[in-house]
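Protein chains in written order, with the numbering used here: chain Y, 6 to 83; chain S, 637 to 762.
One structure is given here, and the rest of the page talks about it.
Here it is, written out as structure tokens:
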């Protein structure tokens, strides 16, 4: 599946809640419609970023798991 | 519109630096709620007051040797927009003076906390 990210954030090795906090900070610098790819290894990253996107008006496009690394794609909604 | 927009969360922390393992989660929840664009107030009362005394949070390290302390997390929470407040009566009980408390912490009394619990959408107690 192709998500066409326009920006990327490498949070591999970082633990909850840092990936969510970093995603929020990074997203604040983007424009509506941009797609952020977040790389994470924290086991809570997928449900946490899903919840974060739902609560903040951003669109969780999906994710890809490659071994221990999760790639999450979120589209900026506002 | 995001469904958390305008929501307000109050997090009450009663544990202090004498119980380091109880200090982290509440501040993590607070800063995460702020990142989820909610208005968040952290209220330190009882032993929790000790976390806000100059020099105390620096002594608590999340993982030994990491250099990341409770102070790092307090600063990060403030940076994320979490508001901090402390119970005036708890300070008096533990002989803590306003000058002993770190910057950007509002000192409030009992009526204020009652008022806040009624006002906020969610209150989390620790």
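Even for Gly, the Cβ is constructed at its ideal location relative to N, Cα and C.
This one's a predicted model, so the numbers in the text were calculated from it and none came from an experiment.
Next item on the list: Check the C-beta distance from residue 70(Y) over to residue 37(Y) and give it rounded, since I have them as a contact under 8 Å.
Entry: Along the first chain, read from residue 1 onward, the residue named residue 70(Y) stands at position 65. Along the first chain, read from residue 1 onward, the residue named residue 37(Y) stands at position 32. Between residue 37(Y) and residue 70(Y) the Cβ distance is about 28 Å, and since that is not below 8 Å, they are no contact.
Margin query: For a cutoff of 7 Å on Cβ pairs, would you count residue 644(S) as touching chain Y?
Written below: Indexing the second chain from 1 puts residue 644(S) at position 8. Closer than 7 Å: no.
Margin query: At the level of alpha carbons, what is the spacing between residue 72(Y) and residue 701(S)?
Written below: Residue 72(Y) sits at position 67 when you count from the first residue of the first chain. Residue 701(S) sits at position 65 when you count from the first residue of the second chain. Going by the C-alpha atoms only, they are around 28 Å apart.
Item checked: Presumed contact (8 Å Cβ cut-off) between residue 44(Y) and residue 17(Y), rounded CB distance -> Reading the first chain from its first residue, position 39 is the one you call residue 44(Y). Reading the first chain from its first residue, position 12 is the one you call residue 17(Y). At roughly 5 Å, the Cβ-Cβ gap stays under 8 Å, so residue 44(Y) and residue 17(Y) are in contact.
Check: Would DSSP call residue 720(S) helix, strand or coil?
Finding: In the second chain, the residue the question calls residue 720(S) occupies position 84. Strand at residue 720(S).
Notebook entry, point to check: Using a Cβ-Cβ cut-off of 8 Å (strictly less than) and excluding sequence neighbours within five positions of residue 62(Y), which residues of its own chain qualify?
Noted result: Here residue 62(Y) refers to the residue found at position 57 when the first chain is read from its first residue. Hits under 8 Å: 82, 83.
Next item on the list: Give the straight-line distance between the Cα atoms of residue 20(Y) and residue 749(S), rounded to the nearest whole angstrom.
Entry: Taking the first chain and counting its residues from 1, one reaches residue 20(Y) at position 15. Taking the second chain and counting its residues from 1, one reaches residue 749(S) at position 113. For residue 20(Y) and residue 749(S), the distance between alpha carbons rounds to 32 Å.
Check: For the region 54-69 of chain Y, which residues have a beta carbon sitting closer than 7 Å to at least one beta carbon of chain S?
Finding: 57, 60, 61, 62
Checklist line | Simplified DSSP state of residue 702(S), which is helix, strand or coil | finding: Walking along the second chain from the start, residue 702(S) turns up at place 66. Looking at residue 702(S) - three-state DSSP - the assignment turns out to be coil, as it is neither helix nor strand.
Note to self: Suppose contacts are defined by Cβ-Cβ distances below 7 Å. Is residue 12(Y) in contact with residue 47(Y) by that definition?
What the structure shows: As a first step, residue 12(Y) is located in the first chain; it is residue number 7 there, counting from the start. As a first step, residue 47(Y) is located in the first chain; it is residue number 42 there, counting from the start. No; because the gap between Cβ atoms is not below 7 Å, this pair is not in contact.
Item checked: Close Cβ partners of residue 724(S) (< 6 Å) along its chain, the five nearest in sequence each way excluded -> Here residue 724(S) refers to the residue found at position 88 when the second chain is read from its first residue. Excluding sequence neighbours, residue 724(S) sits near 743, 745.
Item checked: Collapsed DSSP secondary structure at residue 712(S) in the structure displayed -> Taking the second chain and counting its residues from 1, one reaches residue 712(S) at position 76. Of the three classes helix, strand and coil, the one that applies to residue 712(S) here is helix, per DSSP.
Check: Helix or strand or just coil, what does DSSP make of residue 663(S)?
Finding: As a first step, residue 663(S) is located in the second chain; it is residue number 27 there, counting from the start. Here residue 663(S) sits in helix by DSSP.
Checklist line | Residue of 644(S), 650(S), 667(S) minimising C-alpha distance to residue 708(S) | finding: Residue mapping note: residue 708(S) aligns to position 72 of the second chain, counting from 1. Among 644(S), 650(S), 667(S), the Cα nearest to that of residue 708(S) is on 667(S).
Next item on the list: Could you work out which residues of chain Y lie near residue 697(S), taking near to mean beta carbons separated by less than 7 Å?
Entry: Taking the second chain and counting its residues from 1, one reaches residue 697(S) at position 61. Here the premise fails: no neighbours, minimum Cβ distance about 14 Å.
Check: residue 685(S) and residue 730(S): beta carbons closer than 7 Å?
Finding: Here residue 685(S) is taken as the residue at index 49 of the second chain, counted from 1. Here residue 730(S) is taken as the residue at index 94 of the second chain, counted from 1. In contact: residue 685(S) and residue 730(S) (Cβ atoms closer than 7 Å).
Notebook entry, point to check: Is the Cβ-Cβ distance between residue 766(S) and residue 713(S) less than 7 Å?
Noted result: This structure leaves residue 766(S) out entirely; chain S is present only between 637 and 762.
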